[in-house]
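In what follows, a single structure is set out as structure tokens and then discussed.
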Amino acid sequence: AQKVTQAQTEISVVEKEDVTLDCVYETRDTTYYLFWYKQPPSGELVFLIRRNSFDEQNEISGRYSWNFQKSTSSFNFTITASQVVDSAVYFCALSELSTNAGKSTFGDGTTLTVKP
Amino acid sequence: NAGVMQNPRHLVRRRGQEARLRCSPMKGHSHVYWYRQLPEEGLKFMVYLQKENIIDESGMPKERFSAEFPKEGPSILRIQQVVRGDSAAYFCASSLGQGVFLTEAFFGQGTRLTVV
Chain D
221 AQKVTQAQTE ISVVEKEDVT LDCVYETRDT TYYLFWYKQP PSGELVFLIR
271 RNSFDEQNEI SGRYSWNFQK STSSFNFTIT ASQVVDSAVY FCALSELSTN
321 AGKSTFGDGT TLTVKP
Chain U
30 NAGVMQNPRH LVRRRGQEAR LRCSPMKGHS HVYWYRQLPE EGLKFMVYLQ
80 KENIIDESGM PKERFSAEFP KEGPSILRIQ QVVRGDSAAY FCASSLGQGV
130 FLTEAFFGQG TRLTVV
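Line by line, the protein sequences give chains D and U.
Residue 261 in my numbering sits at position 41 of the first sequence, and the numbers go up by one each step.
Residue 79 in my numbering sits at position 50 of the second sequence, and the numbers go up by one each step.
Laid out in structure tokens, this is it:
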């Protein structure tokens with residue numbers, strides 16, 4: 221069975237601080253996809269990144285970076301020089317190819333508050 | 030180049046009424062997924078449909094909930110005799126297909142159902 225754990229329920233930082241959101245997953249599949257989504261206060265779900273299990277390269281996109289480590293089953297997300305607009309709930313999600321690659325299991329989310 | 034369209038965005042129903050939530054997938058997408066997000070929780074998979082077929086309804090409550098994706102028109106999530114516990118955000122996602130060539134599922138903006 222697939223499972224995603226986001227141990228940090230809430231994080232509060234001051235603007236310009238760096239912050240890392242943790243995600244640990246469980247799966248028996250060798251082929252799977254990992255995702256991060258942002259849900260701002262307005263409620264929509266904003267896709268941030270997808271990573272497949274064969275690509276362990278870390279990725280950087282502007283102030284965002286992701287660290288995928290299969291050895292520890294983790295897919296952590298770092299925001300550098302945080303801004304107030306980064307305040308949102310962030311979800312990590314997992315899809316297994318063997319069950320249905322479009323069907324995702326979500327973590328419970330981490331609420332990030334960035335204070336000015 | 031419209032994305033996944035959900036309507037209505039907000040829906041208020043009295044206890045015992047029926048709620049109908051609509052989802053128009055992205056152009057060319059024939060796979061639709063429904064998720065429910067209860068307050069303060071992550072998204073939970075409900076059902077996966079292809080045109081005219083329910084493929085996986087393992088996350089659907091056994092009673093009062095049904096879903097369809099007809100040959101023509103949007104996918105419909107129907108909740109009969111709503112109760113307060115049905116109050117949640119309901120998200121729809123669509124994808125081109127499944128399997129190794131699947132890209133990520135694209136999410137709509139959600140329908141927020143409030144039962145009063």
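Quick reminder that beta carbons are idealized off the backbone N, C-alpha and C, glycines included.
Neighbour list for residue 276 of chain D in chain U, Cβ cutoff strictly below 8 Å: Start at 1 with the first residue of the first sequence, and residue 276 of chain D comes out as number 56. Chain-ordered listing is empty here: chain U has no CB closer than 8 Å to the CB of residue 276 of chain D, the nearest sitting near 18 Å.
Cβ-based contacts, 8 Å cut-off: residues of the segment 99-124 of chain U near chain D: 118, 120, 122 and 124
First and last residue of the uninterrupted beta strand (DSSP E) at residue 52 of chain U: As a working note, residue 52 of chain U is residue 23 in the second sequence. Residue 52 of chain U -> beta strand (DSSP E) spans 48-53.
Where residue 41 of chain U falls: helix, strand or coil (DSSP): Translated into positions along the second sequence, residue 41 of chain U becomes position 12. Strand at residue 41 of chain U.
Nonlocal neighbours in the same chain, by C-beta distance under 6 Å from residue 114 of chain U, ignoring five residues either side: If you number the second sequence from 1, residue 114 of chain U lands on position 85. Cβ contact annotation for residue 114 of chain U (same chain, cutoff 6 Å, sequence separation greater than five): none.
Residue 339 of chain D versus residue 142 of chain U - alpha carbon distance: Beyond the ends of chain D as shown, which are 221 and 336, falls residue 339 of chain D; an answer cannot be given.
The segment 69-80 of chain U in contact with the segment 326-335 of chain D per 3-pair CB rule at 8 Å: yes
For residue 224 of chain D and residue 244 of chain D, the rounded distance between their alpha carbons: As a first step, residue 244 of chain D must be located in the first sequence, where it is residue number 24. As a first step, residue 224 of chain D must be located in the first sequence, where it is residue number 4. If you take the alpha carbons of residue 244 of chain D and residue 224 of chain D, they lie about 6 Å apart.
Whether residue 96 of chain U touches residue 112 of chain U by CB criterion (8 Å): Here residue 96 of chain U corresponds to residue number 67 of the second sequence, with the count starting at 1. Here residue 112 of chain U corresponds to residue number 83 of the second sequence, with the count starting at 1. Not a contact, by the Cβ cut-off of 8 Å.
CA-to-CA distance, residue 46 of chain U to residue 296 of chain D, given in whole angstroms: Taking the first sequence and counting its residues from 1, the one referred to as residue 296 of chain D is at position 76. Taking the second sequence and counting its residues from 1, the one referred to as residue 46 of chain U is at position 17. In a straight line, the C-alpha of residue 296 of chain D is about 43 Å away from that of residue 46 of chain U.
Close-in-space but distant-in-sequence residues of the same chain around residue 265 of chain D (CB under 6 Å, 5 per side omitted): Taking the first sequence and counting its residues from 1, one reaches residue 265 of chain D at position 45. The beta carbon of residue 265 of chain D sits closer than 6 Å to those of 257 and 259, all from its chain and outside the five residues before and after it, given in chain order.
CB contact check: residue 86 of chain U to chain D, cutoff 8 Å: Translated into positions along the second sequence, residue 86 of chain U becomes position 57. Output row for residue 86 of chain U: interface = no.
Separation of residue 294 of chain D from residue 130 of chain U, as counted between CA atoms: Locating residue 130 of chain U in the second sequence gives position 101, counting from the first residue. Locating residue 294 of chain D in the first sequence gives position 74, counting from the first residue. At residue 130 of chain U, the pLDDT of 48 sits below 50, so the modelled position is not reliable and the matter cannot be decided from this model.
Classification of residue 60 of chain U by the beta-carbon crowding that lies within 10 angstroms, buried from 16 upward: What you label residue 60 of chain U is simply residue 31 of the second sequence in a count that begins at 1. Residue 60 of chain U should be labelled buried.
Other residues of its chain near residue 271 of chain D: CB distance less than 6 Å, five sequence neighbours each side excluded: In the first sequence, residue 271 of chain D corresponds to position 51, counting from 1. For residue 271 of chain D, where only same-chain residues beyond five positions count, the Cβ hits under 6 Å are 254 and 288.
Cut-off 8 Å between Cβ atoms - residues of its own chain near residue 277 of chain D, not counting five sequence neighbours on either side: For the purposes of this step, residue 277 of chain D is taken as the residue at position 57 of the first sequence. Only 288 meet the Cβ criterion.
Terminal residues of the beta strand (DSSP E) in which residue 121 of chain U lies: The residue you call residue 121 of chain U lines up with position 92 of the second sequence. Where residue 121 of chain U is concerned, the enclosing beta strand (DSSP E) stretches over 117-124.
DSSP three-state assignment for residue 91 of chain U, whether helix, strand or coil: Within the second sequence, numbered from 1, the residue matching residue 91 of chain U stands at position 62. Residue 91 of chain U: coil per DSSP, three-state reduction.
Cβ-based contacts, 8 Å cut-off: residues of the segment 235-265 of chain D near chain U: 251, 253, 255, 257, 263, 264 and 265
Residue 317 of chain D, DSSP secondary structure in three states: Counted from its first residue, the first sequence places residue 317 of chain D at position 97. Reduced to three states, the DSSP call for residue 317 of chain D is coil.
Residue burial classification, residue 79 of chain U (beta-carbon count within 10 angstroms, cutoff 16): Walking along the second sequence from the start, residue 79 of chain U turns up at place 50. By the neighbour-count criterion, in which a residue is buried when 16 or more other Cβ atoms sit within 10 angstroms of its Cβ, residue 79 of chain U is exposed.
Contact set for residue 145 of chain U: own chain, Cβ-Cβ below 7 Å, skip 5 residues either direction: For the purposes of this step, residue 145 of chain U is identified with residue 116 of the second sequence, where counting begins at 1. Cβ neighbours of residue 145 of chain U beyond the five flanking positions: 41 and 43.
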